[in-house]
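Student:
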Amino acid sequence: MNPFATSSDSTYTWETQRIGLDRGVNARELGGYVMQDGRRVKRGLLLRGGGLAKASDSDMQRLEQEFKVSYVFDFRTEGEVVRAPDKELRSARHIWLPTIDPNTETLGTTNLPPQAYKVLPQYLMAHYNEEMVQRVARGMYIEMLANEYTQLQYASFLQMILQNEKGAIYWHCSQGKDRTGLG
């Protein structure tokens, strides 16, 4: 699969990136992004979003038939996967690739209340405007980028993308923004 096209593809905009899933949280594609050499990423091959636990039957059908997804990469922690297991695409190989080091998962978040760790992504979203949560979130990005475990997980992800020869790739975390965005 060569994910690059000529510069004649349409331009990137938020609206053109959305893939229109019924219940697919933050689901969009990278098609249209302009590379440094002027080429653009081909449409319909690199898809990102939130988890597939609440995806509708129609969403799953589109991912399978329209986009022909061959790989689904799940960046969530073990606890997130257990709480909300993905619906499975029959056409795709599902790869669990947690991007948060389980040995340091709560590092940098020690000021949060103990109940927050049971539903950390939801807690952070519900309290996003609080100074302490913003400080924790900023620290988590730095920690993730500097963490060798996380670097190796993302390197594996990128290597598998480059080796993919057919179909689209869908990657996600819980909400399809932080860990997915880093991917």
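47 is the number of the first residue of the sequence shown in this note's numbering; add one for each residue after it.
For each residue, glycine too, the CB sits at the ideal point set by N, CA and C.
From a predicted model like this one, the values you see are computed outputs, not experimental measurements.
Which residue wins for smallest C-alpha separation from asparagine 149, given the options Val80, Val118, Glu189, Gln168?
Tutor: For the residues Val80, Val118, Glu189, Gln168, the minimum Cα distance to asparagine 149 belongs to Glu189.
Student: Could you check the C-alpha separation between arginine 181 and glutamine 111 for me, to the nearest Å?
Tutor: The straight-line gap from Cα to Cα measures roughly 42 Å.
Student: Would a C-beta distance cut-off of 7 Å place valine 80 and arginine 86 closer than the cut-off?
Tutor: Cβ distance < 7 Å, so valine 80 and arginine 86 count as in contact.
Student: Quick check on alanine 99: does DSSP put it in helix, strand or coil?
Tutor: Reduced to three states, the DSSP call for alanine 99 is coil.
Student: Below 7 Å between beta carbons: does that hold for tyrosine 216 and valine 118?
Tutor: A contact, by the Cβ cut-off of 7 Å.
Student: Which whole runs of the beta strand (DSSP E) in the segment 112-159 are 3 residues long or more, in chain order?
Tutor: Taking only runs of at least 3 residues, the beta strand (DSSP E) segments lying wholly in the segment 112-159 are 115-120, 139-142.
Student: Compare the beta carbon distance of glycine 213 and serine 102 with 7 Å and say whether it is the shorter of the two.
Tutor: In this structure, serine 102 does not lie closer than 7 Å to glycine 213 by Cβ.
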